[in-house]
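Protein chains in written order, with my numbering: chain C, 17 to 264; chain R, 17 to 264; chain H, 17 to 264; chain U, 17 to 264. Presented below is the structure to which this report refers.
Protein chains: 4
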Amino acid sequence: MAAKQAVALVAGVGPGTGAAIAKKFASLYSVVLLARTPASYETTVKEINESGGSAIGLPADVQDEASIKSVFEQVTKQFPDKPVAAAIYNVGGVFTRKPFLEQSVENFKLGYQTSVLGAFIFAQAALPHLLSATKSESLPHPPSLFFTGATAAIKGSPYLQSFSPGKFALRSLTQSLSKEFGPEGVHVSHLIVDGIIDTPKTAEWLKGAPEGSKIEPAAIAETYWALHQQPRTTWTWELDVRPYVEKW
Amino acid sequence: MAAKQAVALVAGVGPGTGAAIAKKFASLYSVVLLARTPASYETTVKEINESGGSAIGLPADVQDEASIKSVFEQVTKQFPDKPVAAAIYNVGGVFTRKPFLEQSVENFKLGYQTSVLGAFIFAQAALPHLLSATKSESLPHPPSLFFTGATAAIKGSPYLQSFSPGKFALRSLTQSLSKEFGPEGVHVSHLIVDGIIDTPKTAEWLKGAPEGSKIEPAAIAETYWALHQQPRTTWTWELDVRPYVEKW
Amino acid sequence: MAAKQAVALVAGVGPGTGAAIAKKFASLYSVVLLARTPASYETTVKEINESGGSAIGLPADVQDEASIKSVFEQVTKQFPDKPVAAAIYNVGGVFTRKPFLEQSVENFKLGYQTSVLGAFIFAQAALPHLLSATKSESLPHPPSLFFTGATAAIKGSPYLQSFSPGKFALRSLTQSLSKEFGPEGVHVSHLIVDGIIDTPKTAEWLKGAPEGSKIEPAAIAETYWALHQQPRTTWTWELDVRPYVEKW
Amino acid sequence: MAAKQAVALVAGVGPGTGAAIAKKFASLYSVVLLARTPASYETTVKEINESGGSAIGLPADVQDEASIKSVFEQVTKQFPDKPVAAAIYNVGGVFTRKPFLEQSVENFKLGYQTSVLGAFIFAQAALPHLLSATKSESLPHPPSLFFTGATAAIKGSPYLQSFSPGKFALRSLTQSLSKEFGPEGVHVSHLIVDGIIDTPKTAEWLKGAPEGSKIEPAAIAETYWALHQQPRTTWTWELDVRPYVEKW
């Protein structure tokens, strides 16, 4: 594998959206895949490298400042002088759906930490690199900082008190960053992915639903890529994607 | 010009966004440009046809049911057996910015008629064709019905009482149509374009602002095209585009 | 009946919310009840006058500038030198629930005209009086201009294309007026009433639903009154009311 | 002091909103004032008791489950057999306004913990009491669980990344609880207080602004009280209060 002209990081890479985004961004960049355990990214890293792309995986805990700091140091070492063209926070909020009075404070914290504390830490580590990248003349597109959200980011629901607050908070964080760093040339967006994503894990879900009721990871990745390609004159800051049959 | 496999209509074609969208959709479809006066679309029609595309222009008054009905009859005659792949309502709301007590009922009605009554009439004429198109096996992408909105669609402001209500109403209409026709296979979206669009008319505006402070019509068109390409599993229903320096 | 120190107008008085609001505001003001036909307000006018209050009814067509202008002239004649303490637009949007392709342009226009064109005309006639009232030293509360909205003001739904756009537009109009006239001392608010209101017409509705599933007109009126009593330092601009069992 | 028929708790009592709410609710209930340090509530407790009301103060750390659990045990002991008529979470989010890259993870956590983790813990302890209270026949109004929000709950802004995410999250939590416990008879509301509140601390702020530019705590308290009085048929779930001159 030969390093590309720039680097894209994807935090939260499982077999679904994260892997698809990494593959798409690998068409132009060396990609760095982050997940808590290597098992989550190994197959994707291999696939990208075998098909002529450039990818590495790094184990990372987005809730841990030191871990994320270390990730960016390794990226700098591995890809010296390569600007960071994109940093994508795709970490799913961990949550447990249950009646509020049976919910634990631990679950509530966990939902928050994965959805938004991790995003805060990741953004703080990524932004200095993205700001530098705005000065790079070799980048074809403005550097991007994208966050994957959920419909729970705009609507609270019963039994989702361990999930939805973190997603609301992530949307707020994204807006604050959009407004602070947009004028600096970093494209910060919040992308709501609403629906069941078609992954091995969900293979048996929605049996009997109309064909096409699950969101395709590859199509999500196309949408992220379309946003990344936008010139700074014409940026999308917030969008949603949902299957055609979704109620909302 | 040889007709393409399908037809796309763009209502509201001036020298800015509408023309850019028409050119982009002409890469795959025969395009039909609608405007109140032929002067608004003649140059664009000529450019598309001269560069190997297929375009016609038709004068149309979106506030007039008979006029729009006639448009679709002409399209059917001109492009027999071609499915309608996209219908895009890009008519700008006419408005006059002034203190409420100096505003006329006529201006208020005009803002409403151009923003949302026209959209209603256009959608009613287009939807039977778009529904038919969902059955077509030759179409590469799901048929699309897109509406151009504004930030005034989500926030009322002083002195904008003749403009913003129509834009709110258009967003409501789009949501109603999304939810009724999405499950039928028609991709209905509301795209907020927020900022000064870079056109001949605005050439002298924003003097002294940072470079890139105006939205590029071609980049808007790319975003519409990206949405049109989405498979029905993964549709964007609402998004915004703004320049990087925009306050919102 | 002896005229009170100030006048409150309620447009859209049937046997439900409008009548309840009129009765509540009659505790402090002479009230003027407006409806298309006297049958809508006669009983309420009588009740108020018989219980020691001061009320008149005037037939009015909110969609007709001349009609509303005439109403305010009559109010000035009937209550000379009395400031207008409140003007409340409670006209229900007329609508027909049906599939979009079966919906008529006439119904669409009607929904818009009753929901928002009438509000525009009413507000233009009322605001000069309300602005004058901000200078009155005898008024106990800031003059108020309130609009009754609906959940359809914030969410589009299938089959509601003749209703929801007008309600979205009304919310926009209210925001524009809030921001223009709030700093002038007029309290402009949008109150979403979401649910079945308990009136003679709905007596047979929601059979089998839990007790208390319908909104009480008198309780709505208390909420309008609570807002009217707020000092200008502490105004509510938007709120909702719903029954405890309502899904939203 | 003689205990009233029921108890109301107010968490987050300083010299502003919390104290005013406690005084207002003391008109009908024994009130329990919670703050981290007794200095925050001592004066208010004394004032209420001296003017014929019934109040106690308890030191409490809303971020600490054990502390809040202990508070409710003490309440039960102090007011045996008295239902809990209202529990109000008015704890201000601690925050530090600064550029994102200078912001610490500690500040971010602190904003979250005070705004929403505390609300979660407080709600979990309060809800069993409020649910019991729905069965009480002596209560004049439905039991209420109110949360004080901020405009930062609906709009992210530059430099507010340590504050706004927690406030978004609190609004989400409130919605989840509204939808789960509303049908059970507990009135759960989110009240946005937007603007500078008139307190000793802000006495020197907004010099030169128009008279009445600060929100009055007593008027906020009236609004909370108006909501508490609403019957379950007609509840407000979300509202805002702002000064008449506020931009929003």
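By construction, the Cβ of each residue, glycine as well, lies at the ideal position given by its N, Cα and C atoms.
Of the residues the options, the one placed nearest residue i, counting alpha carbons only
i	options	result
Leu193/H	Ser173/R, Glu200/R, Thr190/R and Phe179/R	Ser173/R
Ala76/R	Ser43/R, Gly134/R and Thr59/R	Gly134/R
Thr164/R	Ser154/R, Arg187/R, Phe179/R and Leu147/R	Arg187/R
Pro159/H	Ala82/H, Gln246/H, Lys171/H and Lys40/H	Gln246/H
Ser148/U	Phe179/U, Ala169/U, Ala102/U and Phe116/U	Ala102/U
Phe41/C	Ala55/C, Arg52/C and Leu25/C	Leu25/C
Thr239/C	Arg52/R, Leu255/R, Glu58/R and Thr60/R	Leu255/R
Val48/C	Ala38/C, Ser56/C and Ala55/C	Ala38/C
Thr53/H	Leu243/H, Trp241/H and Gly30/H	Gly30/H
Ser56/R	Ile72/R, Glu196/R, Gly68/R and Tyr260/R	Ile72/R
Ser67/U	Asp80/U, Ala82/U, Leu44/U and Ser86/U	Leu44/U
Leu176/U	Arg113/U, Leu222/U, Ile236/U and Lys195/U	Arg113/U
Ser86/U	Glu118/U, Ala168/U, Glu58/U and Gln140/U	Gln140/U
Val23/R	Lys62/R, Thr60/R, Glu63/R and Lys93/R	Lys93/R
Ala18/R	Asn65/R, Asp210/R, Leu50/R and Val257/R	Asn65/R
Leu166/R	Pro115/R, Val257/R, Val121/R and Pro216/R	The sequence shown places Ala at residue 166/R, not Leu. Among Pro115/R, Val257/R, Val121/R and Pro216/R, the Cα nearest to that of Ala166/R is on Val257/R.
Opposing strand residues paired with residue i [DSSP bridges]
i	result
Glu254/U	His206/U
Tyr175/R	Paired residues: none, contrary to the question.
Ile231/R	Ile213/R
Tyr105/C	Ala27/C and Phe163/C
Val100/R	Val23/R
Where residue i sits in the DSSP three-state scheme
i	result
Tyr240/U	helix
Val47/U	strand
Ser160/C	strand
Val26/R	strand
Ala35/R	helix
Leu133/C	helix
Ile72/R	strand
Thr53/R	coil
Gly127/R	helix
Gln191/U	helix
Glu89/U	helix
Thr224/C	The residue asked about is misnamed: residue 224/C is Gly in this sequence, not Thr. If DSSP states are grouped into helix, strand and coil, Gly224/C belongs with coil.
Interface partners of residue i on chain H, CB under 8 Å
i	result
Arg187/R	Gly172 and Phe184
Residues that residue i contacts on chain H, provided the C-beta gap is smaller than 9 Å
i	result
Glu153/U	Per Cβ cutoff of 9 Å: no residues; Glu153/U is ~15 Å from chain H at best.
Contacts around residue i, its chain only, beta-carbon distance under 6 Å, and the 5 residues preceding and following it disregarded
i	result
Thr218/R	Ile212
Glu227/H	none
His145/R	Val100
Gly34/U	Val26, Gly28 and Asn106
Gln21/U	Ser154
Listed by chain order, chain U residues near residue i by CB distance under 8 Å
i	result
Gly201/H	Tyr260
Gly228/H	Pro247, Arg248 and Thr249
Tyr105/C	None at all; the shortest Cβ gap to chain U is about 14 Å.
Gln191/C	Lys171, Gly172, Ser173 and Ser180
Ile137/C	Val121
Gly198/H	Tyr260, Val261 and Glu262
Where residue i meets chain U, residues with beta-carbon distance less than 7 Å
i	result
Leu207/C	Neighbours of Leu207/C on chain U: none; closest Cβ ~15 Å, over 7 Å.
Cutoff 7 Å; reference residue i; Cβ partners in own chain excluding five residues on either side
i	result
Val78/H	Ala27, Ile84, Val107, Gly134, Ile137 and Phe138
Ala234/H	Ala36
Ser152/U	Pro99
Gly109/H	Gly127, Thr130, Ser131, Phe179, Gly182 and Lys183
Ala168/C	Leu176, Phe179, Ser180 and Lys183
Leu189/C	Val132, Ala135 and Phe136
Val61/H	Leu49, Ala71, Ile72 and Gly73
Amino acids of chain C, ordered along the chain, whose beta-carbon sits closer than 8 Å to that of residue i
i	result
Lys284/U	Since the first and last residues shown for chain U are 17 and 264, residue 284/U lies out of range.
Under 9 Å by beta carbon: chain U residues contacting residue i
i	result
Val81/C	One point to set straight first is that residue 81/C is Glu, not Val, in the sequence displayed. Near Glu81/C (Cβ distances below 9 Å), the residues of chain U are Val121.
Cβ-based neighbour list, residue i, same chain, cut-off 8 Å, excluding 5 preceding and 5 following
i	result
Gly201/U	Leu147, Thr150, Pro158, Pro159 and Arg248
Ala142/C	Leu25, Phe88, Val100, Ala103 and Leu161
Trp221/H	Ile212 and Lys230
Under 9 Å by beta carbon: chain R residues contacting residue i
i	result
Trp221/C	Ordered by position in chain R, no residue passes the 9 Å Cβ test against Trp221/C, which lies about 14 Å from the chain.
Contacts that residue i makes with chain H (C-beta to C-beta distance below 7 Å)
i	result
Ile236/U	Thr250
Glu118/U	Within chain H, no residue comes near Glu118/U; the closest Cβ sits about 33 Å away, beyond 7 Å.
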